[in-house]
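Undergrad: Dropping the structure in here first, questions after.
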Amino acid sequence: METLIMKPSDNSIELAAKLLRQGEVVAVPTETVYGLAANALSTDAVNKIYKAKGRPSDNPLIVHIAEASMMEKLCCDIPKLAYVLAEKFWPGSLTMVLNKRKLIPDITSGGLDTVGVRMPDNEHTLDIIKKAGIPLAAPSANLSGMPSPTAAVHVFDDMKGKIPLIIDGGRCRVGVESTVISFIENGVSILRPGAVTAEMLSDFCDVKIDDFVLNQANSGVKPISPGVKYKHYSPNAKVFLVEADDFHFKNYVLKHNGEKVCAIIKQENLDGINFYSYGDDDKQQAAKIFALLRLADKDGMEKIYIHAPKKDGMALAVYNRLIRAAGFDIIKL
Ligand code: TXA
Ligand code: MG
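The number in our numbering is simply the position in the sequence shown, starting from 1, with 292 added.
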């Protein structure tokens with residue numbers, strides 16, 4: 293199959309909506325990462341997403357909506373707090389896990405009784421959802437296990453020949469996937485951190501951070517969010533996450549230096565080593581990290597030493613992705 297890449301226009305949005313109505317898979321831009329979208333209410337259409345990604349079928353998909361009223365058509369027993377958070381954070385990087393109604397097929401929810409819903413903050417994708425007239429199931433548009441795509445070319449690299457259309461909305465502003473929350477007594481539990489931070493949510497309710505945000509899921513305990521079980525966000529190169537101050541980080545990397553070794557650093561420069569800088573601001577780190585992991589692969593790197601981000605604000609989201617990219621191989625100096 294030929295994979296078209298089209299900039300957003302009346303024509304391309306109309307085409308995307310038409311393909312989605314016909315049960316095809318289309319990659320769409322969001323403010324977080326690119327999504328691999330299909331009709332959330334069709335088992336056949338959603339099956340095509342799992343096939344294109346090579347994704348385990350017990351890992352549920354997020355359903356994307358364009359109007360908050362759609363939430364009631366898809367979900368039941370919605371807590372009052374969900375309306376408050378939707379009003380405050382939608383459109384935006386917040387996915388709420390709610391009890392699903394029967395019209396959502398098992399394949400979309402990975403066999404769970406719940407479904408994650410979010411309204412993405414991208415005018416073109418909101419347009420596509422409205423024109424198609426259906427909610428869109430959309431995981432990140434990468435091959436399962438690879439870093440999430442934050443530019444259309446990343447989607448093309450992973451999906452060429454597998455899907456008919458990519459809508460190229462440019463670089464994703466946020467760069468890491470949405471915050472996923474579930475509802476607990478008096479508040480919410482963060483299952484996956486993102487741009488809507490614990491600090492922001494705590495203005496509205498109690499906020500718990502699920503154990504799996506910072507820890508590895510082991511086979512004994514069943515995580516609430518099935519996605520945490522799987523290898524994630526990993527380029528082909530081996531990733532090492534190094535928690536250290538500037539001085540010790542630099543010394544450590546120099547000691548392990550080599551032709552196909554590189555570092556992702558917070559400073560602007562690191563003499564004597566292949567480096568990519570992701571800055572020391574949490575938003576900037578989030579916006580750059582996945583693209584840099586992919587770039588290191590393209591440049592033929594075999595080992596990537598990453599100077600670990602902090603764990604507050606949006607940096608927690610970056611840290612959460614990187615401990616997984618590193619297979620929980622964290623070097624603390
Ligand atoms: O920003 C995003 O959320 C992007 C864009 C495309 O919207 N999508 C995304 O989807 O990251 P995906 O499939 O790559 O990640 C969805 C995460 C997984 O970790 C999954 O386990 C969790 O959300 N999830 C989805 N539905 C859930 C549910 N019903 N209960 C618990 N976790 C759920
Ligand atoms: Mg993903």
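Where is the CB? At the ideal position from N, CA and C, for every residue including glycine.
These numbers were taken from a predicted model, which means no experiment stands behind them.
1. Would you identify the three-state DSSP class for serine 385, choosing helix, strand or coil?
2. Can you give me the C-alpha to C-alpha distance between valine 545 and lysine 602, rounded to a whole angstrom?
3. For histidine 638, report the span of its beta strand (DSSP E) as first-last.
4. According to DSSP, is methionine 298 helix, strand or coil?
5. For the putative contact between valine 499 and valine 480, defined by C-beta atoms under 8 Å, what is the C-beta separation to the nearest angstrom?
6. Name, in chain order, the residues that DSSP records as bridge partners for glutamate 535.
7. Evaluate contact between the segment 354 to 374 and the segment 393 to 408, counting only Cβ atoms and requiring at least three cross-stretch pairs below 8 Å.
8. Taking alanine 609 and glycine 486 to be in contact with their CB atoms under 8 Å, please state how far apart those CB atoms are, rounded to whole angstroms.
9. Can you give, in chain order, each stretch of the alpha helix (DSSP H) that sits fully within the segment 298 to 324 and has at least 4 residues?
10. Check each candidate in Leu614, Arg347, Tyr597 and Gly550 and name the one with the smallest Cα separation from alanine 433.
11. Return the CA-CA distance between phenylalanine 496 and leucine 377, expressed in angstroms with no decimal places.
12. Give me the DSSP bridge partner(s) of aspartate 498.
13. For the segment 585 to 601 and the segment 527 to 537, state whether three or more C-beta atom pairs, one from each stretch, are separated by less than 8 Å.
14. I want to know whether the segment 338 to 346 touches the segment 411 to 418 - three or more CB-CB distances under 8 Å.
TA: Once the coordinates are examined:
1. Working through the sequence shown from its first residue, we reach residue 385 at position 93. Note: serine 385 maps to coil in three-state DSSP.
2. For the purposes of this step, residue 545 is taken as residue 253 along the sequence shown, with counting starting at 1. For the purposes of this step, residue 602 is taken as residue 310 along the sequence shown, with counting starting at 1. Roughly 19 Å between the two C-alpha positions.
3. The first residue shown for the chain is 293 and the last is 625, placing residue 638 beyond what the model contains.
4. Position 6 of the sequence shown holds residue 298. Strand at methionine 298.
5. Reading the sequence shown from its first residue, position 207 is the one you call residue 499. Reading the sequence shown from its first residue, position 188 is the one you call residue 480. The pair is a contact, with the Cβ atoms about 6 Å apart (cut-off 8 Å).
6. Here residue 535 refers to the residue found at position 243 of the sequence shown. Lys624, per the DSSP bridge assignment.
7. yes
8. Translated into the one-based positions of the sequence shown, residue 609 becomes position 317. Translated into the one-based positions of the sequence shown, residue 486 becomes position 194. Contact holds; Cβ gap of about 5 Å.
9. 302 to 313
10. Taking the sequence shown and counting its residues from 1, one reaches residue 433 at position 141. The option with the nearest alpha carbon to alanine 433 is Arg347.
11. For this step, residue 496 is matched to residue 204 along the sequence shown. For this step, residue 377 is matched to residue 85 along the sequence shown. Roughly 8 Å separates the two Cα atoms.
12. Numbered from 1 along the sequence shown, position 206 holds the residue referred to as residue 498. Aspartate 498 is bridged to Gly479.
13. yes
14. no
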